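Peer 1: Would you mind keeping the following structure in view while I ask a few things?
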Amino acid sequence: MATHIFNSKPRQRDWEDIMEIITLSNGLRIAMERMEQARSAAISIFIGAGSRQEAAADAGVSHFIEHMLFKGSESRSAVDIAEQMDAMGGQLNAYTTKEYTCLYAQALENHLPAAVEIMADMLRNPKLDKADLLVERGVILEEIGMYEDSPEDFCADLLHASIWRSDPLGGNILGTRQTVSGMTAEKLRRHMERYYVPERMTVGICGRFDADAVCAILEKYFGGLANTGNPLLPQPVGFHEGITLAERDFEQTQLLYCFEGLPAGDKDRYAAAVFSTIAGGSASSRLNRRIREELGLAYSVYSFTSSYLGAGIFGVGAGVSPGNQRQVLEESMEILLALRGGVDEKELARTKEQFKANLVMGMESTASRAAAMGRGLLLENRYVDEDAILAQIDALTEADIQRVARHLVTPSRMALAAVGHPAEEKQYVHWLRDFR
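First residue of the sequence shown? That's 34 in our numbering, and the numbers climb one at a time after it.
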């Protein structure tokens, strides 16, 4: 193994003071940050395999693999995995996104090597038993039903599908009932062979741990994997405007509309995050004050940013009574357009402090730091620590927020989705006509 430190330097500290990067000979990267005041450690293993890497016929395969990892390996049953983690008081879980899968754990210092060994065994030697696959297929089909019963989740899926259309980025992470019903162990193995490769894998470890012991285990399980020349790279994808509606027997109608946003790693990402917080990301945000507190039109109204490799969106969401849709749309659009005119000094100062507090408090856990390191290496080939982020937040000016607002809020090019009891499409066109 060879030790490498990033050449990039944050504003506050050298990389040597933050973390050490171990790069195996096959390209797998391990980021480690020691926190001697801790008595436990967290580890996150990221794999560049999500719904964005799936063919339409295999939609949901990455998420299905994530489930099957917990069904046992060649040497451990599902019960063994659960009992061994419980015996050490450890925590083990996983999740799948559009661009990656993450398996993560946390354990006391003396138990971390054992936890890492279990995780590595799960990833390298999954049993993928046909009987287990049949059972888990039923679990995932129920999960799909649960999401379809959630207005917000269902609406988000419709919006993404309309924005990115035939591109895999618009696909559902869970897959469809048809594709999930057609999953086989062979499909899962082929997907793992293609995407569970060292150049698409990163590891983040933070806390108090024996670095030599952990790295030896990772070398043992992953060092023999061949680099296949299949790295995770940005893939720009076009933004499509339009209106997508779905009738469902929901009490409320869920509204989501968005504009083209910023891709992951964009230089203006912190300005965009602060702008979104001012718009609808806190209790004192303009959307919450006006639509909820003053007009009583929604219990939940918010703005959001979503960034991916080569693509992104900025949008607004709200759950409203069907009869309030027009007013919520018009009021929220007026708020966004007003922000294009600028923010005041006090508003910006308050929001920057909110953002910094959330960042610092969130990064005080070893699990958050391990995840941030692994994810940063995978998606951007770098890790920006909180001191560097705080410095960038402090440097933001009113002019920066206005510039980003003007870039993100483009009424002439927007996409809208409504689920529940939507109006006719021509009504939305009419309601938004004056803003275009």
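Quick reminder that beta carbons are idealized off the backbone N, C-alpha and C, glycines included.
Treat the numbers as computed from the prediction; the structure is a model and nothing was measured.
1) For Ser-339, list the residues DSSP reports as bridge partners.
2) So is Glu-293 buried or exposed if we call it buried at 16+ other beta carbons inside 10 Å?
3) Are there three or more Cβ pairs, one per stretch, closer than 8 angstroms when the stretch 448-457 is compared with the stretch 277-290?
4) Please determine if the stretch 227-239 and the stretch 81-97 are in contact, where contact requires at least 3 C-beta pairs separated by less than 8 angstroms.
5) At 3 residues or longer, and completely inside the stretch 210-264: list those beta strand (DSSP E) runs for me, N to C.
6) Which residues mark the beginning and the end of the alpha helix (DSSP H) in which Glu-150 is found?
7) Just to confirm my understanding: we take Ile-346, look at its own chain, exclude 5 residues before and 5 after, and list those with CB closer than 6 angstroms. What are they?
8) For Ser-77, write down the residues that DSSP places opposite it in a beta bridge.
9) In three-state DSSP terms, what is Arg-373?
10) Apart from the five residues on each side of it in sequence, which residues of its chain come closer than 6 angstroms, Cβ to Cβ, to Glu-53?
11) For Ile-206, which three-state DSSP category applies?
12) Leaving aside the five residues before and after His-96 along the sequence, list all residues of the same chain whose C-beta is less than 6 angstroms from its C-beta, in chain order.
13) For the beta strand (DSSP E) containing Val-452, list its first residue and its last residue.
14) Closest by CA to Thr-212, which one among Val-94, Val-417, Gln-435 and Arg-383?
15) Assuming Gln-124 is part of the beta strand (DSSP E), what are its boundary residues?
16) If you drop the 5 nearest sequence neighbours on each side, which residues of the same chain put their C-beta closer than 7 angstroms to that of Gly-123?
17) Return the bridge partner residues of Met-65 from the DSSP annotation.
18) Would you kindly work out how many angstroms separate the C-alpha atoms of Gly-178 and Pro-184, rounded to a whole number?
19) Tell me where the alpha helix (DSSP H) around Phe-292 begins and ends.
20) How should Asp-91 be labelled, buried or exposed, when 16 other C-beta atoms within 10 angstroms of its C-beta is the threshold for buried?
21) Please go through the same chain and pick out, in chain order, the residues whose beta-carbon is closer than 7 angstroms to the beta-carbon of Glu-22, but skip the five residues on each side of it.
22) So, using beta-carbon positions, are Tyr-133 and Ala-82 closer together than 8 angstroms?
23) Tell me, which residues are paired with Ala-279 by DSSP?
24) Would you mind sorting Ala-448 into buried or exposed? The rule is 16 or more other CB atoms within 10 Å of its CB.
25) Could you check what DSSP says for Ser-354 in three-state terms: helix, strand or coil?
26) What residues in its chain sit with their C-beta under 6 angstroms from that of Gly-105, if we drop five residues either side in the sequence?
27) Measure the C-alpha to C-alpha separation of Arg-408 and Ala-316 and round it to an integer number of angstroms.
28) Might you give, ordered along the chain, the residues of its own chain that have their beta carbon closer than 6 angstroms to the beta carbon of Leu-265, omitting 5 neighbours on each side?
29) Which value, in whole angstroms, describes the spacing of the CA atoms of Leu-412 and Phe-103?
30) Quick test of the definition: if touching needs 3 or more C-beta pairs under 8 angstroms, does the stretch 245-261 touch the stretch 152-170?
31) Give me the residue from Ile-114, Gly-240 and Gln-358 with the minimum Cα distance to Lys-77.
Peer 2: Per the coordinate set shown:
1) Ile-346
2) buried
3) yes
4) yes
5) 234-240
6) 145-157
7) Cys-291, Gly-294 and Ser-339
8) Ser-77 pairs with Tyr-137 and Gly-237.
9) coil
10) Met-65
11) Ile-206: coil per DSSP, three-state reduction.
12) Thr-129, Ile-206 and Leu-207
13) 448-453
14) Val-94
15) 124-129
16) Spatial neighbours of Gly-123 in its own chain (CB-CB distance under 7 angstroms, excluding positions within 5 residues in sequence) are listed in chain order as Ala-138, Gln-139, Ala-140, His-144 and Ala-148.
17) Glu-53 and Ile-238
18) 12 angstroms
19) No alpha helix (DSSP H) contains Phe-292, which is instead part of the beta strand (DSSP E) from 286-293.
20) buried
21) Since the displayed the chain opens at 34 and closes at 469, residue 22 lies outside it and no answer follows.
22) yes
23) Paired residue(s): Val-452.
24) Per the 10 Å Cβ criterion, buried.
25) coil
26) Apart from the 5 residues on each side of it in sequence, Gly-105 sits with its Cβ closer than 6 angstroms to the Cβ of Ala-111 and Lys-160 in its chain, given in chain order.
27) 29 angstroms
28) Setting aside the 5 residues that flank it on each side, Leu-265 is surrounded in the same chain by Gly-81 and Arg-233, each with a C-beta closer than 6 angstroms to its C-beta; the list follows chain order.
29) Looking at the two C-alpha atoms, the distance is approximately 25 angstroms.
30) The stretch 245-261, when compared against the stretch 152-170, does touch it at the 8 angstroms Cβ threshold.
31) Rather than Lys, the amino acid found at residue 77 in this sequence is Ser. Of the listed residues, the one whose Cα sits closest to Ser-77 is Gly-240.
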